[in-house]
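Working notes, beginning with the structure itself.
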Amino acid sequence: MAYDGGKRLLLCTLVKGLGDAVRRGDPSAAERYRRRLRLATEHIAADDLVHDVVERLLHVSGQWVVAAAVDRGETKQQMLEIIERVIGLLTS
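In our numbering, each residue carries its 1-based index in the sequence shown increased by 3.
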């Protein structure tokens with residue numbers, strides 16, 4: 004992997020925080036986590052599997068943040084599945 008244990012821990016913490024914000028239905032907190040997560044992923048090599056999954060998470064979470072509350076259900080489920088995948092990759 005192109006990053007050390009400290010960066011993995013930071014990424015894992017931010018991803019979990021984003022998941023918590025989504026579960027609470029808090030788009031402003033989710034947006035803050037998204038910004039921090041984007042900054043933290045800038046140093047991951049583009050060919051790293053974690054990079055691709057986190058980019059997908061950022062895309063889907065961006066859709067969730069801007070969606071009306073009634074339209075968030077499907078996006079929320081997608082996002083929670085991606086979060087589980089990212090956490091699995093970071094902790095393996």
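Ideal Cβ placement from N, Cα and C applies to all residues, glycine included.
Because the structure is a prediction, the values reported are computed rather than measured.
Check: Among Glu84, His46 and Asp51, the one whose alpha carbon lies nearest that of Leu21; Outcome: Glu84
Check: Whole-angstrom distance between Leu93 and Ser31, CA atom to CA atom; Outcome: 25 Å
Check: Stretch pair the region 74-89 + the region 40-50: three plus CB contacts closer than 8 Å; Outcome: no
Check: Per-residue DSSP class, three states only, for Ala24; Outcome: helix
Check: Expected contact under 8 Å - CB spacing of Leu40 and Val63 to nearest Å; Outcome: That belief does not hold up - the Cβ atoms of Leu40 and Val63 are roughly 12 Å apart, past 8 Å.
Check: Straight-line gap, Arg38 to Met82 (C-alpha atoms, nearest Å); Outcome: 16 Å
Check: Residue nearest to Gly9 in terms of C-alpha spacing, selected from Trp67, Val69 and Thr44; Outcome: Thr44
Check: Residue range of the alpha helix (DSSP H) that includes Ile90; Outcome: Gly76 to Thr94
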